[in-house]
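What follows is one structure encoded as structure tokens, with my remarks underneath.
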Amino acid sequence: MLATWVSSPPAGEFHYEIKLDGYRLLARLDGAVVQLHTRNGVDYTGKLGRLAKALANLRRRGTYLDGEIVVFDTAGVSHFGALQDALSRGDETHIRYVVFDLPFAGGRDVRGMSIEVRRALLTDLLTRNRSPLIVPCTWVDGDAAALLEAAREGSYEGLIGKRSGSTYVSGRSNHWIKLTFANRQEGIVVGYTSPKGSRAGLGALLLAVREGQALRYIGKVGTGFSNRTLADLSASLRRLHADEMPLPARPADARGVQWVTPTLVVDVEHAGFTAAGMVRKASFVGIRPDRTTHSVRRSAPVRTLPGDDTMEDVRITNADRVIDAASGATKGDLAQFYRDIAPFLLPHLAHRPVALLRAPDGVGGGTFFQKHADPRVMPGVRLLPAALDPEHPPLLAIDSAHALVSAVQMGTIELHTWNATERRIERPDRLIFDLDPDTALPFDHVRRAATLIRELLGALDLRAFVKTTGGAGLHVIVPLTPREDWEYLKGFARAVANHAARTLPGIFVAKSGPKNRVKRIFVDYLRNGRGSSTVSAFSVRARPGLPVSVPIDWDILEMLDDPASLHIGSVAQWLDEQREDPWADYAHTRQRITRSMLAQLGATPD
Numbered sequence: 171m172l173a174t175w176v177s178s179p180p181a182g183e184f185h186y187e188i189k190l191d192g193y194r195l196l197a198r199l200d201g202a203v204v205q206l207h208t209r210n211g212v213d214y215t216g217k218l219g220r221l222a223k224a225l226a227n228l229r230r231r232g233t234y235l236d237g238e239i240v241v242f243d244t245a246g247v248s249h250f251g252a253l254q255d256a257l258s259r260g261d262e263t264h265i266r267y268v269v270f271d272l273p274f275a276g277g278r279d280v281r282g283m284s285i286e287v288r289r290a291l292l293t294d295l296l297t298r299n300r301s302p303l304i305v306p307c308t309w310v311d312g313d314a315a316a317l318l319e320a321a322r323e324g325s326y327e328g329l330i331g332k333r334s335g336s337t338y339v340s341g342r343s344n345h346w347i348k349l350t351f352a353n354r355q356e357g358i359v360v361g362y363t364s365p366k367g368s369r370a371g372l373g374a375l376l377l378a379v380r381e382g383q384a385l386r387y388i389g390k391v392g393t394g395f396s397n398r399t400l401a402d403l404s405a406s407l408r409r410l411h412a413d414e415m416p417l418p419a420r421p422a423d424a425r426g427v428q429w430v431t432p433t434l435v436v437d438v439e440h441a442g443f444t445a446a447g448m449v450r451k452a453s454f455v456g457i458r459p460d461r462t463t464h465s466v467r468r469s470a471p472v473r474t475l476p477g478d479d480t481m482e483d484v485r486i487t488n489a490d491r492v493i494d495a496a497s498g499a500t501k502g503d504l505a506q507f508y509r510d511i512a513p514f515l516l517p518h519l520a521h522r523p524v525a526l527l528r529a530p531d532g533v534g535g536g537t538f539f540q541k542h543a544d545p546r547v548m549p550g551v552r553l554l555p556a557a558l559d560p561e562h563p564p565l566l567a568i569d570s571a572h573a574l575v576s577a578v579q580m581g582t583i584e585l586h587t588w589n590a591t592e593r594r595i596e597r598p599d600r601l602i603f604d605l606d607p608d609t610a611l612p613f614d615h616v617r618r619a620a621t622l623i624r625e626l627l628g629a630l631d632l633r634a635f636v637k638t639t640g641g642a643g644l645h646v647i648v649p650l651t652p653r654e655d656w657e658y659l660k661g662f663a664r665a666v667a668n669h670a671a672r673t674l675p676g677i678f679v680a681k682s683g684p685k686n687r688v689k690r691i692f693v694d695y696l697r698n699g700r701g702s703s704t705v706s707a708f709s710v711r712a713r714p715g716l717p718v719s720v721p722i723d724w725d726i727l728e729m730l731d732d733p734a735s736l737h738i739g740s741v742a743q744w745l746d747e748q749r750e751d752p753w754a755d756y757a758h759t760r761q762r763i764t765r766s767m768l769a770q771l772g773a774t775p776d
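Just so we're aligned, residue 171 is where the sequence shown starts under my numbering, counting upward by one.
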């Protein structure tokens, strides 16, 4: 039995359940023999051996259980991606079978009985259960609007409603309804584009649905992928390469596409359909091995509650509130940007303490830095071991798109990271030179200054990379093997700044303060001390226009006239236009600061 999506609760009395995000699973119990199948008949018995054994222990014959396999987080919210990850690893430890109906009991067909009677029979059967793998679904009766609001507050996907007195019927029925906060659509993969920038595997998936016996194209999805998913998808799709297009007509945006045999089904979230029937702002949710292509049809859009939105399992309150008057960008736009940019941003955050610049009132309002945990810690934001920063609450780390969106929900705009990772906190793995110009200087002066710092470092056999700061300056970054301590490296950075100021005093200054950098550029080496942080690559800045700090190839830098042109509305297109990742070698560049380098700068270690 399948539920019908509705935009609001219909008339009548319904029992409500929390909507789960997993795989629908029908279990047939016949004594020691148990069979597990998805709703489309895919046999999962071999994949779920522990669950099959637990169900066999119920010792029932001629019984069918209807439910859903899920993986819950610590707050009791199910996550589709976590389930897929567990299944791909063959790890049943955290998989739970939430049972909500009983079509057959002890050889009797009870589908014609009311849902209340079936639920009573199910409750009686599960009194024998001793396994944590099997979980009875509970009803949350009450006013639908209040329950829906409570579900949203709890970051659940929505509600399932089951009409009081209803029987169990095959197929979709309006006696079972679902109310959700996001639009979901299954799609059949018919092709994919090549990756661009630093992404590996593929760029975007081309999707279709069934219309009668034919396929209808519904657009592309190019965001929401994890690195692991990209690898799994590209490996699967390589085995499905096809020479002929599986669509009846070639889509207008199908350039550079590798077509595939249409057998793989995926799930996406989207912002509705265009007038031409294309999904808007589609984001990948997961692969659906439990689905067959013949069942994939266009789904009716589900209403999103006014003023709010849900993404990455995080409820974004006041998503339509403007946080930047200069661009008109909303809180929802910022959350969407961070979710989309996550594959590029997360490698720069990985395992590093992160400081959050929070601006609850948006750009132009009050701001404050959060470096440590507080009682309102954000879901998904990880707490680092307290020993890393003694006598303070734990430092923070962000490892997922879920955590990024959660930080935005709490008013975060900027993300700043340390120069060391949690694994070797006392041994930095990079140096940063923040070129901070007099605001009256044109950007071409800053470009030239960055090139001069690069040449100075190159003379010391050090390779440097560059990124915009999201402001008027540039960051010149030197990746290092994490062997020297903070003071040693800060001393070297100071020596570089002093040498630049001494050698080219008309361009550089090594002292902070506006009066010291009039018509010059301050080489800020102070960001290399323990506990100091620098805005991360691909972080948004809390400035008018919401500019972004973006890694740049040195050759491309020469053609960049205005770093403010790289903002949340333009960075995605800019990345698409890059033929190569400007920092492709960054993670593999390891070098050390030696005493001879200090000597060449006329300095000695402290």
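Even for Gly, the Cβ is constructed at its ideal location relative to N, Cα and C.
Please report the distance separating the alpha-carbon of residue i from that of residue j.
i      : j      : result
Asp818 : Ser368 : Absent from the model: residue 818. The displayed extent of the chain is 171 to 776, so no value can be given.
Ala352 : Arg322 : 11 Å
Asp544 : Ile738 : 29 Å
Thr774 : His615 : 31 Å
Thr208 : Ala226 : 18 Å
Gly396 : Leu375 : According to the sequence shown, residue 396 is Ser rather than Gly. Roughly 14 Å between the two C-alpha positions.
Arg522 : Pro721 : 18 Å
Thr174 : Gly701 : 53 Å
Leu504 : Glu286 : 45 Å
Gly772 : Glu750 : 38 Å
Val741 : Thr582 : 19 Å
Thr638 : Glu439 : 32 Å
Ile677 : Leu611 : 11 Å
Arg594 : Asp569 : 17 Å
Thr462 : Lys660 : 59 Å
Thr764 : Leu601 : 14 Å
Glu183 : Ala314 : 10 Å
Gly532 : Arg398 : 34 Å
Ala556 : Glu319 : 36 Å
Leu558 : Leu566 : 11 Å
Between which residues of its own chain and residue i is the CB-CB distance below 6 Å, once the five residues before and five after are set aside?
i      : result
Ser301 : Ala224
Tyr186 : Val310, Leu317, Leu329 and Gly331
His562 : His542
Gly534 : none
Asp606 : Gly643, Phe692 and Asp694
Would the beta-carbon of residue i fall within 8 Å of that of residue j?
i      : j      : result
Leu553 : Pro560 : no
Ala619 : Val636 : no
Thr587 : Val524 : yes
Leu329 : Lys189 : yes
Asp631 : Arg697 : no
Leu293 : Pro273 : For clarity, residue 293 is Thr in the given sequence; the question names Leu instead. For Thr293 and Pro273, no; Cβs fall outside 8 Å.
Lys501 : Val435 : no
Ile265 : Leu195 : no
Arg298 : Leu410 : no
Gly237 : Val269 : yes
Take residue i and list the residues in its own chain whose beta-carbon comes closer than 8 Å to its own, dropping the five residues that flank it on each side.
i      : result
Gly641 : Arg711, Arg713, Pro717 and Pro733
Over the uninterrupted beta strand (DSSP E) stretch that includes residue i, give me the two end residues.
i      : result
Gln785 : This structure leaves residue 785 out entirely; the chain is present only between 171 and 776.
Phe507 : No beta strand (DSSP E) contains Phe507, which is instead part of the alpha helix (DSSP H) from Lys501 to Leu519.
Glu238 : Thr233 to Val241
Ser404 : Taken as a continuous stretch (DSSP letters only), Ser404 belongs to no beta strand (DSSP E), being part of the alpha helix (DSSP H) at Asn397 to Arg408.
Gly357 : Asn353 to Thr363
Trp175 : Leu172 to Trp175
Tyr193 : Tyr193 to Asp200
Lys332 : Gly328 to Arg333
His411 : Unbroken run through His411: none, as it is neither H nor E.
His440 : Val435 to His440
Ala384 : Ala384 to Val391
Could you pull out every residue in the same chain whose Cβ sits closer than 7 Å to the Cβ of residue i, ignoring the five residues on either side in sequence?
i      : result
Ala512 : Ala571 and Leu574
Ala252 : Val241
Tyr756 : Phe635 and Pro649
Arg467 : Val379 and Arg380
Got a sec, what are the start and stop residues for the alpha helix (DSSP H) residue i sits in?
i      : result
Gln254 : Phe250 to Arg259
Asp490 : Per DSSP, Asp490 belongs to no alpha helix (DSSP H) and is neither H nor E.
Ala669 : With the sequence shown as reference, residue 669 is identified as His, and Ala is not the correct amino acid for it. Trp656 to Thr673 is the span of the alpha helix (DSSP H), which, as asked, contains His669.
Ile285 : Ile285 to Leu296
His562 : Neither: His562 is in no alpha helix (DSSP H) and is coded neither H nor E.
Ile568 : Ile568 -> no alpha helix (DSSP H), and no H or E assigned at all.
Ser766 : Arg765 to Gln770
Handout entry: Length-filtered (3 minimum) beta strand (DSSP E) runs lying within the region 681 to 707
Key = 691 to 694
| request: Starting from the N-terminal side, write out each stretch of the alpha helix (DSSP H) that is 4 residues or longer and does not extend beyond the region 581 to 651. | output: 613 to 629
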